[in-house]
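Letter by letter, the sequence shown follows residues 28 to 189 of the numbering used here. To keep things clear, I will list the structure first and then write my remarks on it.
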Amino acid sequence: MHPVSVFIPSFRSENNTIERGYTVFKIEVIINGRQHTIEKRYSEFHTLHKLLKKSIKPPDIPSKHVRNWVPKVLEQRRQGLEHYLQTIIIKNEILPKIFLDFLNIRHFPSVPKTESYGKLSHQPVMLFVRDPYLLPPTHDIYSNVVIEGVIHGIFYPDLLPR
């Protein structure tokens, strides 16, 4: 089983005054048990498809030319796009970076499907309790010497010793 799964549970119509209405598909992405939701238009799927063709053989994508205002047709497109995404995941042991970017998955290690994803993987993390560039240190007697030097160098270059 792949550590990534996707579902498109729904879609909605979006109308605005600048361009004619369009449909937005809600995509639920589950990776290693964590879920997030993104929304994409069909045109974004179509762009993904063109980019994927450069590196893998993606499955067929639902037709670009449909009447967007017919609910039955939109439901067929929703099912087709869900199948499209799921097929890419099933057929590719290593998911292309462009596909991961489309799903807003960052720093996902390329793990083959055969490897168990139940194992813990650790990623290096850096954490600041406070922003070191905005707040002066509370107990540092050499308060932000480097930052002050850069600021003086950029804004007051004539004051620097020669």
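From the three backbone atoms N, C-alpha and C, an ideal C-beta is built for every residue, glycine too.
Compute the distance between the beta-carbons of PHE38 and VAL51, then report whether it is under 9 Å.
-> Position 11 of the sequence shown, counting from 1, holds the residue named residue 38. Position 24 of the sequence shown, counting from 1, holds the residue named residue 51. Yes, the Cβ-Cβ distance between PHE38 and VAL51 is below 9 Å.
Kindly indicate which residue of ILE57, SER90, PRO36 and TYR183 has the alpha-carbon position closest to the one of ILE116.
-> Reading the sequence shown from its first residue, position 89 is the one you call residue 116. ILE116 has its Cα closest to that of ILE57, out of ILE57, SER90, PRO36 and TYR183.
Can you tell which of GLY107, ASP185, SER40 and VAL97 has its C-alpha closest to the C-alpha of HIS73?
-> The count along the sequence shown starts at 1 and reaches residue 73 at position 46. The residue with the shortest Cα to Cα distance from HIS73 is GLY107.
Are LYS124 and PRO86 touching if we call contact CB-CB under 9 Å?
-> Counting from 1 along the sequence shown, the entry for residue 124 is found at position 97. Counting from 1 along the sequence shown, the entry for residue 86 is found at position 59. Cβ distance not < 9 Å, so LYS124 and PRO86 don't count as in contact.
Whole alpha helix (DSSP H) runs in the stretch 37-92 with 4 or more residues, listed along the chain?
-> Contiguous alpha helix (DSSP H) elements confined to the stretch 37-92 occur at 69-79, taking only those with 4 or more residues.
VAL33 bridges to which residues according to DSSP?
-> The count along the sequence shown starts at 1 and reaches residue 33 at position 6. Beta-bridge annotation (DSSP): VAL33 is paired with VAL56.
With a cut-off of 8 Å on the beta carbons, I'd call GLN62 and GLU71 a contact; round off their distance for me.
-> As a first step, residue 62 is located in the sequence shown; it is residue number 35 there, counting from the start. As a first step, residue 71 is located in the sequence shown; it is residue number 44 there, counting from the start. Not quite, the Cβ-Cβ distance comes to about 20 Å (not below 8 Å), so this is no contact.
Hey, is SER70 close to the ligand COA, as in C-beta under 8 Å from one of its heavy atoms?
-> Absence of the ligand COA is noted for the structure shown, with no ligands found whatsoever.
What first and last residue would you give for the alpha helix (DSSP H) that runs through TYR183?
-> Indexing the sequence shown from 1 puts residue 183 at position 156. The continuous stretches of alpha helix (DSSP H) do not include TYR183, and DSSP gives it neither H nor E.
From ARG68 to SER32, what does the alpha carbon distance come to, in whole angstroms?
-> In the sequence shown, residue 68 corresponds to position 41, counting from 1. In the sequence shown, residue 32 corresponds to position 5, counting from 1. Annotation: ARG68 to SER32 spans about 19 Å, alpha carbon to alpha carbon.
Quick one: residues in its chain with C-beta nearer than 6 Å to the C-beta of ASN42, no 5 flanking neighbours on either side, listed in chain order?
-> If you number the sequence shown from 1, residue 42 lands on position 15. Once the five neighbours on either side are set aside, the close Cβ partners of ASN42 are GLY48.
Any idea if GLY176 is buried or exposed, counting beta-carbon neighbours within 10 angstroms, 16 or more meaning buried?
-> Walking along the sequence shown from the start, residue 176 turns up at place 149. When all chains shown are included, GLY176 counts as exposed.
Can you give the Cα-Cα distance for PRO36 and GLN103, rounded to whole angstroms?
-> Indexing the sequence shown from 1 puts residue 36 at position 9. Indexing the sequence shown from 1 puts residue 103 at position 76. GLN103 has its alpha-carbon roughly 12 Å from the corresponding atom of PRO36.
What do you get for TYR111, buried or exposed, if any count of 16 or more other CB atoms within 10 angstroms of its CB means buried?
-> For the purposes of this step, residue 111 is taken as residue 84 along the sequence shown, with counting starting at 1. Buried, since its Cβ has 16 or more Cβ neighbours within 10 Å.
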